[in-house]
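Structure first, commentary second.
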Amino acid sequence: MPNVMLRNNAAGELVFYITKKDHEEIVVALEHAGPGTWGGEMQLSDGSRFYLEPLEQKPKLPLTVRVKRL
Amino acid sequence: MSMNRQETEQLIQEVLQVYPEATGKQRAKHLMANDPTLEKSNKCIVANKKALPGVMTARGCAYAGAKGVVWGPIKDVVNISHGPVGCGQFSRAGRRNYVTGHSGVNVFADMNFTSDFQEKDVVFGGDKKLAKMIAEIDTLFPLAKGVTVQSECPIGLIGDDIEAVAKKSAKDIGKPVVPVRCEGFRGVSQSLGHHVANDSLRDWVLHNRDDDNSFESTPYDVAITGDYNIGGDAWSSRVLLEEMGLRVIAQWSGDGSIPEMQTTRHAKLNLLHCYRSMNYISRHLEEKYGIPYLEYNFFGPTQIAASLRKIAAFFDSTIQENAERVIARHQPMQDAIIAKYRPRLEGKRVMLFVGGLRPRHVIGAYEDLGMEIIGAGYEFAHNDDYDRTFKELQDGALIYDDATSFELESFVERLKPDLIGSGIKEKYVFHKMGIPFRQMHSWDYSGPYHGYDGFAIFARDMDMTINNPCWKKLQAPWKRAGAEALKSAA
Ligand code: SF4
Numbered sequence: 000m001p002n003v004m005l006r007n008n009a010a011g012e013l014v015f016y017i018t019k020k021d022h023e024e025i026v027v028a029l030e031h032a033g034p035g036t037w038g039g040e041m042q043l044s045d046g047s048r049f050y051l052e053p054l055e056q057k058p059k060l061p062l063t064v065r066v067k068r069l
Numbered sequence: 000m001s002m003n004r005q006e007t008e009q010l011i012q013e014v015l016q017v018y019p020e021a022t023g024k025q026r027a028k029h030l031m032a033n034d035p036t037l038e039k040s041n042k043c044i045v046a047n048k049k050a051l052p053g054v055m056t057a058r059g060c061a062y063a064g065a066k067g068v069v070w071g072p073i074k075d076v077v078n079i080s081h082g083p084v085g086c087g088q089f090s091r092a093g094r095r096n097y098v099t100g101h102s103g104v105n106v107f108a109d110m111n112f113t114s115d116f117q118e119k120d121v122v123f124g125g126d127k128k129l130a131k132m133i134a135e136i137d138t139l140f141p142l143a144k145g146v147t148v149q150s151e152c153p154i155g156l157i158g159d160d161i162e163a164v165a166k167k168s169a170k171d172i173g174k175p176v177v178p179v180r181c182e183g184f185r186g187v188s189q190s191l192g193h194h195v196a197n198d199s200l201r202d203w204v205l206h207n208r209d210d211d212n213s214f215e216s217t218p219y220d221v222a223i224t225g226d227y228n229i230g231g232d233a234w235s236s237r238v239l240l241e242e243m244g245l246r247v248i249a250q251w252s253g254d255g256s257i258p259e260m261q262t263t264r265h266a267k268l269n270l271l272h273c274y275r276s277m278n279y280i281s282r283h284l285e286e287k288y289g290i291p292y293l294e295y296n297f298f299g300p301t302q303i304a305a306s307l308r309k310i311a312a313f314f315d316s317t318i319q320e321n322a323e324r325v326i327a328r329h330q331p332m333q334d335a336i337i338a339k340y341r342p343r344l345e346g347k348r349v350m351l352f353v354g355g356l357r358p359r360h361v362i363g364a365y366e367d368l369g370m371e372i373i374g375a376g377y378e379f380a381h382n383d384d385y386d387r388t389f390k391e392l393q394d395g396a397l398i399y400d401d402a403t404s405f406e407l408e409s410f411v412e413r414l415k416p417d418l419i420g421s422g423i424k425e426k427y428v429f430h431k432m433g434i435p436f437r438q439m440h441s442w443d444y445s446g447p448y449h450g451y452d453g454f455a456i457f458a459r460d461m462d463m464t465i466n467n468p469c470w471k472k473l474q475a476p477w478k479r480a481g482a483e484a485l486k487s488a489a
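Residue numbers (numbering that gives the first Met the number 0), protein chains in the order written: chain Z, 0 to 69; chain S, 0 to 489.
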């Protein structure tokens, strides 16, 4: 369950940053992008997938969350 | 002149042949030919991995990253090098982080404080000594705004509880006392020390005055992070921002101070120069206080103009117009510098091997002078640094991560660059090989190199080094052409 920071980059894309590894990837697909729920399964630009416990709405970014590797 | 990707790959293979098979296989992953179309580096280069046993690496330790790089330049804290005397003494003032103030009165960046561990401290623990030392420091240097405990290797090995001492002492003296767990054996290079130091600033200093709102902020407040004021770099950057109408409220950490760091939260924008060493705190500032960060580059007029425009775009039209005015005002001076030095430097080929930022950031400055970067590498970069490097570097250029001294020397022998930019450990080796060399960590006792004023000095220094007559005098007189006449005369 790595700690990751989610933020938007200048181009407006969602960036996924694994703090421990200094590893940055773009989120290319997000299961629930909102309104109502936000989160779920995310697909990163390097092909790996993670799961974020869905939140009620899109949070204020950047935000540090715990995710599960799938 | 420059090599294409295939030739570079070939060169890498030839150099790797000397290694035993397993070592060669490992090292091959750290070397590559540049392809500017690449977006992501994790498939093509391995970075931030432990150096292999038996090779000579240029890397430093976590203590060097925390005490030397991040904490060292903060002028109003007393950094205790906690442990034996050597680590602090041999790294004292080596980075030339300039500060204003009176040494020993309100500025302590150029002094060496150490708990000077002896055998008995290693056996019985140094916590008591540390507590006593902090109390003494508070009596002797009442203007110090805080104390940090920079752990050297033995502290981690004997298991001293510096956190407990720090908490208690902080209460006693009423100032932040920061335990920094940067023992040299942690991590693979000084890069971990940057991270540890960033985290300690975050956990022990940054939020201490969050309930104090007496600071009057303006809509034009910015902070400079990742500028260590080497040779005055932060000052020559700061004047440009101020000329543009912005107010610099904090410098991290060159010529910086603890109160500045605590007021950083009022900034509207955080300007990040060295991404490698301060992205951690920048990310935290963005998450906690909503201050966005912007990476910029103040090396060479092309990059400076682009950065000034990028910074200005974040603010209103007055600032944007001011930025144009600043650029226009400096352009004639920059053109004059280029007119003077470019003819002397045009087409010269450069190889760089520096820390975690400069191999990509200084490329523009060299290109402004008509020079070409044929190889670049980092001592302790991570993959996110390589992501940012590919676009800056020309196609086919050689990239080397944590190059061993054997590799670097072999590449130089083969590529025969006109100039090498690297550190003090490499300097004299290449001098003896007869190749012009600039020390690009601390600007070879020169600087500043940031900003428009810095570029004037940069151009002069490169010319002075490359076109120095000494390089023509390396051959012994009796080996030169026409030596016969000399002999018969004798
Ligand atoms: S590795 Fe350890 S002993 Fe060596 S300089 Fe770093 S902290 Fe000191």
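Ideal Cβ positions, reconstructed from N, Cα and C, are used throughout, including at glycine. Since the model is a prediction, treat every value here as computed from it, not as a measurement.
- Secondary structure note for W37 (chain Z): its beta strand (DSSP E) is the uninterrupted segment W37 to L43.
- The DSSP-derived three-state label of V27 (chain Z) is strand.
- One thing to note: F379 (chain S) has its Cβ no nearer than 8 Å to the Cβ of S421 (chain S).
- Contact between the segment 448 to 463 of chain S and the segment 291 to 302 of chain S is established, with three or more Cβ pairs separated by less than 8 Å.
- In its chain, beyond the 5 residues on either side, G82, P83, G125 and P153 have a beta carbon closer than 7 Å to the beta carbon of F116 (chain S).
- Per the Cβ contact rule, the segment 310 to 328 of chain S is not in contact with the segment 18 to 35 of chain Z (fewer than 3 Cβ pairs under 8 Å).
- For E12 (chain Z), no CB of chain S lies under 8 Å from its own CB, so it is not counted at the interface with that chain.
- Not one heavy atom of the ligand SF4 falls within 7 Å of the beta-carbon of G64 (chain S).
- In terms of Cα proximity to M461 (chain S), the closest of S:R348, S:H381 and S:R359 is S:R348.
- One alpha carbon belongs to R26 (chain S), the other to L142 (chain S), and they sit about 50 Å apart.
- DSSP places E182 (chain S) outside any beta strand (DSSP E), giving it a letter other than H or E.
- Exposed is the label assigned to F123 (chain S), since fewer than 16 other Cβ atoms lie within 10 Å of its Cβ.
- Within the segment 5 to 39 of chain S, the runs of alpha helix (DSSP H) at least 4 residues long that lie entirely inside it are, in chain order, 20 to 27.
- Nearest C-alpha to R65 (chain Z) among Z:S44, Z:K19 and Z:D45: Z:K19.
- G354 (chain S) has its alpha-carbon roughly 11 Å from the corresponding atom of G64 (chain S).
- Annotation for C273 (chain S) indicates a beta carbon at 7 Å or more from all heavy atoms of the ligand SF4.
- Secondary structure of L270 (chain S) (DSSP, three-state): strand.
- Taking a Cβ-Cβ threshold of 7 Å, none of the residues of chain Z is close to H193 (chain S); the smallest such distance is about 11 Å.
- Among the residues facing chain S, L62 (chain Z) is included, as its CB has a counterpart in that chain under 8 Å away.
- In the three-state reduction of the DSSP assignment, I326 (chain S) falls in the helix class, which pools H, G and I.
- The closest CA to that of R237 (chain S), considering only S:I326, S:H449 and S:V14, is found on S:H449.
- Of all alpha-carbon atoms in S:P416, S:R413, S:D417 and S:M439, the one lying nearest the alpha-carbon of K424 (chain S) is that of S:M439.
- DSSP places S441 (chain S) in no beta strand (DSSP E); its state is neither H nor E.
- From the beta-carbon of M41 (chain Z), no residue of chain S is found nearer than 7 Å; the closest lies around 17 Å away.
- Restricted to the segment 386 to 474 of chain S, the alpha helix (DSSP H) segments that are unbroken, complete and at least 4 residues in length are 404 to 414, 423 to 431 and 450 to 465, listed in chain order.
- For R237 (chain S), the uninterrupted alpha helix (DSSP H) segment begins and ends at D232 to E242.
- Per DSSP, L5 (chain Z) lies in no alpha helix (DSSP H); the unbroken beta strand (DSSP E) holding it starts and ends at N2 to N7.
- DSSP places N78 (chain S) outside any alpha helix (DSSP H); the residue lies instead in the beta strand (DSSP E), whose first and last residues are V76 to H81.
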